[in-house]
Amino acid sequence: MIATSSSAHTVSPEPGSGPVAPPADIDASCRVPVMVLLACAAVWLVVASVFGLIASLKFHAPNLLADCPWLTYGRVQPAQMNALIYGFAAQAALGIALWMIARLGRTLLVQPGYIVVGALLWNVGVKLGVFGILIGDTTGYEWLEMPGYASPILFAAYAIIGIPALLTFHHRREPMLYVSQWFLLAALFWFPWIYSTANLLLIFFPVRGVLQAVVDWWYVNNLSQIWLGFIGLAAIFYFLPKLTARPLYSNYLAILAFWALALSGGWGGIHSGAPVPAWMPSLSTVFTVLTAIPLIAITINLNRTFTGAMAKLKKSLPLKFVVFGAVAYLLAGALAIVSAFPQFSQITHFTLFTPARTQLFRRCSSKTNGRRLGSPALTSLWRRLASCSTSVHFPSEAFCKGWR
Amino acid sequence: MNHGPLIFLGVFFALTLSWFGLVFEPQLQLGNAQPTTNLVNAAQLYPQMRPGQARQGLDVYRSLGCAACHSQQIGQTGRTYDVTLTDPGTNRAEVIAALLKVRPRATATEAEKLVAGPMPQAILKDVAHVAATNAMAKLEPTGAKAEVKIIPTGPDIARGWGKRRSVAEDFLFDQPVMLGSQRIGPDLADVGSRLPVANWHLLHLYNPQIVVSKSVMPPYRFLFEKRKIGREPSPDALKLAGNFATEPGCEIVPTDEARQLVAYLLSLRADTVIFETPMTVATANVSTNTPAATNAPAAQTTNSVVK
Chain X
76 MIATSSSAHT
86 VSPEPGSGPV
96 APPADIDASC
106 RVPVMVLLAC
116 AAVWLVVASV
126 FGLIASLKFH
136 APNLLADCPW
146 LTYGRVQPAQ
156 MNALIYGFAA
166 QAALGIALWM
176 IARLGRTLLV
186 QPGYIVVGAL
196 LWNVGVKLGV
206 FGILIGDTTG
216 YEWLEMPGYA
226 SPILFAAYAI
236 IGIPALLTFH
246 HRREPMLYVS
256 QWFLLAALFW
266 FPWIYSTANL
276 LLIFFPVRGV
286 LQAVVDWWYV
296 NNLSQIWLGF
306 IGLAAIFYFL
316 PKLTARPLYS
326 NYLAILAFWA
336 LALSGGWGGI
346 HSGAPVPAWM
356 PSLSTVFTVL
366 TAIPLIAITI
376 NLNRTFTGAM
386 AKLKKSLPLK
396 FVVFGAVAYL
406 LAGALAIVSA
416 FPQFSQITHF
426 TLFTPARTQL
436 FRRCSSKTNG
446 RRLGSPALTS
456 LWRRLASCST
466 SVHFPSEAFC
476 KGWR
Chain B
4 MNHGPLIFLG
14 VFFALTLSWF
24 GLVFEPQLQL
34 GNAQPTTNLV
44 NAAQLYPQMR
54 PGQARQGLDV
64 YRSLGCAACH
74 SQQIGQTGRT
84 YDVTLTDPGT
94 NRAEVIAALL
104 KVRPRATATE
114 AEKLVAGPMP
124 QAILKDVAHV
134 AATNAMAKLE
144 PTGAKAEVKI
154 IPTGPDIARG
164 WGKRRSVAED
174 FLFDQPVMLG
184 SQRIGPDLAD
194 VGSRLPVANW
204 HLLHLYNPQI
214 VVSKSVMPPY
224 RFLFEKRKIG
234 REPSPDALKL
244 AGNFATEPGC
254 EIVPTDEARQ
264 LVAYLLSLRA
274 DTVIFETPMT
284 VATANVSTNT
294 PAATNAPAAQ
304 TTNSVVK
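Protein chains in written order, with our numbering: chain X, 76 to 479; chain B, 4 to 310.
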């Protein structure tokens, strides 16, 4: 089925020429790769939750599993984060991104076979990386703990998935671009850039001293704000109008938000008081505060689009997820702005507030995914998975740690 | 409308901007940083490379993920200043007049006592920079000698986690630099001067509850070796008593890794005075664990002159 859909696909050189593909065919071309990505994401979510649970329990019983170096807190915790980010969030985001690119371009997914290979390779990379963390080969950089023998695999796997995604975009039959496509296209480019920069400058040709921390903060902020955030926003802008059957309130506002976020979103993450020259945290704070502009634009836009659809919200579970995702996103963004102010972050910084906030971001990008994949089984799997992510993971992590 | 290339260019531009700002530019500024002699009290260079064992210990610290619970960055929110009279000089009357201006609340008899008392005498405590500068400006023309002490302040410093804030220099030779983002446990940037005893750390790593009864820090027993006591007990064996004692006939000996880790912990100190973080420490007592070190009247180094 992979083979048929890719060979049956006639490639048109210019976007816009040729007949648009019917939605059913598009879904058929996406089904296998997207299913693989989402199913693997689901497994990783469970794995991450198990790690998270072990880590949380250790706060109550420090002696639990303490004689096994593999499962010491300092290894389980990063293993959990990496399973969650690269295993779950990244794969879920990629899966939904591929499908949206095909649907919005009204064209079949290009080379689904390669994407499946890429997805499997990605999973090999994540497994190796998490294994590396557990045996103590962690790099020591937050969110980049995977050792140097795993990250190139992830990079290659991303390329194998990303190139067909770009080709799908290029061969789209619908010349008009919707704002979700802007976000998706940006996200597709953003990841290889930040991931390669961070890996090269931290693991392969490490920079000196605190520069390492600066690069790491830059990476973490870009990954959560821009990469996961953009895919999440693409999904919100796609599903909200669709599920409420109302047009997007303003395309102009959405594009304004896009550029404003692209310009200001990549600068955050350096907290005031960090042991670096003072201009860096200042710059970071200024740009984080500037993200208020896109955030307000998005809020207005989504709110106006949504008004009057309250009745639908009660009936439609997918819509509930999308709205939850949107609210989580906006809340996370608002909290990021508030914590950019030193007065506030002095209190919350170094506490579990910060990871809780990033969780919100991730939640938004994951929550909004996985609808209408032409497969009821998948959708229900997704729902279970999404609810499991809040019910198991969030309390276990935020609350258990919070007690201390 | 085909915005594809436009989006690509725009995104490229946006990314490049933040890349230049937060990756490239910092690299230009700090990438070639060298140890400096920006120290007041010594001709020595700072920072120094960690000694070999401590360098290996950094890898143990990284590998075990201690940074998941410990930060290594002391924050500082400000400074306060103390002014101390060290020598009243010969012109007592003018000194007293100046003192009364500096401390309007004080009575003439109090000022006289101050000047007559054994030196040094505290004149102002915990004041702002301006007040300290003013006081110096008033006292100097009288021929009296006074000193200004600079004291970093902030919640981290109040908790006793360090004497001054962490600065970029402190981490110049570390690889990786693990500043940490969580404080499940205390900050460790200055732990080597706070807890300078290797044995304490060994016991603490073996089982934190030996030394901190309700600690939630995980024990690292796997960094220790349990073995039968040979002809004589090993001098390195941990001294465990009561509930924590092992079976009779056995002893607990730290492995190389444990020793390296402790060497690393002891090498973690943020107490060198550099220009970026002015503070006053008593030279005689630098690097000791006494909290009173900064108040000691001994010779002092201050790395910035209050003008």
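Every residue, glycine too, gets a C-beta built ideally from N, C-alpha and C. Owing to the predicted nature of the structure, the values given are computational and were not obtained by experimental measurement.
| Asked | Found |
| --- | --- |
| Check the Cβ of M110 (chain X) against every Cβ in chain B and list those closer than 7 Å, keeping chain order. | What M110 (chain X) touches in chain B: nothing, since even the nearest Cβ is about 28 Å away. |
| Please go through the stretch 93 to 148 of chain B and give each complete beta strand (DSSP E) segment of 3 or more residues, from N-terminal end onward. | 124 to 130 |
| If we ignore side chains and look at the alpha-carbon of each, how far apart do V118 (chain B) and Q124 (chain B) end up? | 8 Å |
| Could you list the residues in the stretch 133 to 162 of chain X with a C-beta less than 7 Å from some C-beta on chain B, going in chain order? | K133, F134, P137, N138, A141, D142, P144, T147, Y148, G149, R150, Q152 and P153 |
| Does I187 (chain B) come out as helix, strand or coil in the three-state DSSP assignment? | coil |
| Going by DSSP, what residue range makes up the beta strand (DSSP E) through Y223 (chain B)? | Element bounds for Y223 (chain B): n/a, residue is neither H nor E. |
| Assign T213 (chain X) to one of three DSSP states: helix, strand, or coil. | coil |
| Find the nearest neighbour of F225 (chain B) within the set X:F230, X:V254 and X:N138, judged by alpha-carbon distance. | X:N138 |
| Starting from C253 (chain B) and walking both ways along the beta strand (DSSP E), at which residues does that stretch end? | C253 to P257 |
| What does F264 (chain X) touch in chain B if you count any residue whose Cβ is under 8 Å from its own? | F11, V14, F15 and L18 |
| So, under 8 Å CB-CB, L316 (chain B) and G149 (chain X) are touching, yes? Tell me the CB distance rounded to an integer number of Å. | This structure cannot settle anything about residue 316 (chain B), because the visible part of chain B is limited to 4 through 310. |
| Compute the Euclidean distance between the alpha carbons of L241 (chain B) and E235 (chain B), then round it to the nearest angstrom. | 14 Å |
| Who are the near neighbours of L203 (chain X) in its chain, counting only those whose CB is closer than 7 Å to its CB and skipping five residues on each side? | Y224, A225 and I228 |
| What's the C-alpha gap between T286 (chain B) and V276 (chain B)? | Reliability fails at T286 (chain B), whose pLDDT of 46 lies under 50, so the model's placement of it is uncertain and the value that follows must be treated cautiously. T286 (chain B) and V276 (chain B): Cα-Cα distance of roughly 10 Å. |
| Just the chain B side, please: which residues come within less than 8 Å of L338 (chain X) by C-beta, in chain order? | A17 and L20 |
| Could you check what DSSP says for R82 (chain B) in three-state terms: helix, strand or coil? | strand |
| What distance in whole Å lies between the Cβ atoms of P350 (chain X) and V200 (chain B), which are believed to be in contact at a cut-off of 8 Å? | That pair is no contact at about 26 Å. |
| Does any residue of chain X have a CB that is nearer than 7 Å to the CB of V214 (chain B)? | no |
| Provide the residue(s) that pair with K231 (chain B) in DSSP beta bridges, ordered along the chain. | B:C253 |
| CA-CA distance, P281 (chain X) and L219 (chain X)? | 13 Å |
| Between H6 (chain B) and chain X, is the shortest Cβ-Cβ distance under 7 Å, so that the two count as touching? | yes |
| From the DSSP output, in three-state form, read off T89 (chain B) for me. | strand |
| Please tell me whether A287 (chain B) has its Cβ less than 7 Å away from any Cβ of chain X. | For A287 (chain B), the predicted model reports a pLDDT of 40, less than 50, meaning its position is unreliable; a value from the coordinates is still stated below. Chain X contact via Cβ: absent. |
| On the criterion of 16 or more Cβ atoms from any shown chain inside 10 Å, does G252 (chain B) qualify as buried, or is it exposed? | exposed |
| Enumerate in chain order the residues of its own chain whose CB-to-CB distance from N297 (chain X) is below 6 Å, with the five nearest sequence positions on each side excluded. | I269 and G341 |
| Determine the burial state of A17 (chain B): buried for a count of at least 16 other Cβ atoms within 10 Å of its Cβ, exposed for fewer. | buried |
| Would W218 (chain X) count as contacting chain B if we go by Cβ distances under 7 Å? | no |
| Given a threshold of 16 other Cβ atoms within 10 Å of its Cβ, counted over all protein chains shown, does R162 (chain B) qualify as buried or as exposed? | exposed |
| Quick one: is N198 (chain X) buried, meaning 16 or more other Cβ sit within 10 Å of its Cβ, or exposed? | buried |
| Check whether chain B comes within 7 Å of L331 (chain X), counting only Cβ atoms and requiring the distance to be less than that. | no |
| Should V219 (chain B) be flagged as near chain X, meaning a C-beta pair shorter than 7 Å? | yes |
| Would R321 (chain X) and T374 (chain X) qualify as a contact pair, given that the criterion is a beta-carbon distance under 7 Å? | no |
| So, at 6 Å on beta carbons, what are the nonlocal neighbours of A99 (chain X) in its own chain, with the 5 sequence-adjacent residues on each side left out? | none |
| Might you give, ordered along the chain, the residues of its own chain that have their beta carbon closer than 6 Å to the beta carbon of A401 (chain X), omitting 5 neighbours on each side? | I311 and L377 |
| Within a Cβ cutoff of 8 Å, which residues of the same chain sit near A111 (chain B), ignoring the five residues on either side of it in sequence? | I99 and L103 |
| Expressed to the nearest angstrom, what Euclidean distance is found between the alpha-carbon atoms of V63 (chain B) and L88 (chain B)? | 49 Å |
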